[in-house]
Amino acid sequence: MYADGLIGNRGILEVLGSLTAGQFNKMLPKGKSPYTLEDIIPKAFEYLYPMTDEDRKELTNQRLLAFMAMAPNAPSILFEGT
Numbered sequence: 000m001y002a003d004g005l006i007g008n009r010g011i012l013e014v015l016g017s018l019t020a021g022q023f024n025k026m027l028p029k030g031k032s033p034y035t036l037e038d039i040i041p042k043a044f045e046y047l048y049p050m051t052d053e054d055r056k057e058l059t060n061q062r063l064l065a066f067m068a069m070a071p072n073a074p075s076i077l078f079e080g081t
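Numbering that gives the first Met the number 0 numbers the first residue of the sequence shown as 0 and each following residue consecutively.
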């Protein structure tokens, strides 16, 4: 496992990602959503902090609902209970 460069540089990724997010957030206008570590290093974040099965199912459901909402003439019964 020591040969895995991404894990070896985890601390560096976290620190630089957090500093970058802080700089970007400093320049944001009021009312905008702040940048997170996941926004700055998405692929490395996914690798360092894998999603749980529950999170993965929730994300899948959200994406499916967004896809269905784009369909013209989609039956409204599909969106009940959300």
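Note that beta-carbon positions come from the ideal geometry of N, C-alpha and C, so glycine has one too.
Counting only runs of 4+ residues, the alpha helix (DSSP H) found wholly inside the stretch 39-78 occupies 41-47, 52-69, in chain order. Approximately 6 Å separates the beta-carbon atoms of Leu12 and Ile40; this is inside 8 Å, confirming the contact. Closest by C-alpha distance to Leu36, out of Met50, Glu45, Gly30, is Glu45.
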